[in-house]
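Below you'll find the structure, written out as structure tokens, and then a few comments.
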Amino acid sequence: MSDVQQWIKETVSGTPVVLFMKGTAQFPQCGFSGRAIQILKACGVDNIATVNVLEDPEVRQGIKEYSNWPTIPQLYVRGEFIGGSDIMNEMYESGELKTLLDSKAD
């Protein structure tokens, strides 16, 4: 496992809710990342741990390989890959995401 892969694994395992995104929670750099932040806030997640993939090309590529998912943003809850903004949106609309976050993010 590469250093980047190891760092990603430690990050998603050691933090209850992590969003790998373009930009920051305060200043998203793409619409999908902005929507992901809005969804998490709407679910009541105040302490959103984010990783700005634009700061490090190795992390940007590494997270895609780690999850085997080609797009960013990517949400992890207690080490489990949940999905990107489309999946987050579907889960939010059905209430499933809030239930997941309430049960796992404590």
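Going by my numbering, 69 is the number at position 69 of the sequence shown; the sequence numbering is gapless. Quick reminder that beta carbons are idealized off the backbone N, C-alpha and C, glycines included.
Secondary structure note for V59: its alpha helix (DSSP H) is the uninterrupted segment 57-67. If you check the CB distance, V18 and L101 do not come in under 8 Å. Of the candidates T71, M88, N68, M88 places its Cα closest to the Cα of V77. Excluding five sequence positions before and after I82, the CB atoms of its chain that fall closer than 6 Å to its own CB belong to L75, given in chain order. In the three-state scheme derived from DSSP, where H, G and I count as helix and E and B as strand, N52 is classed as strand.
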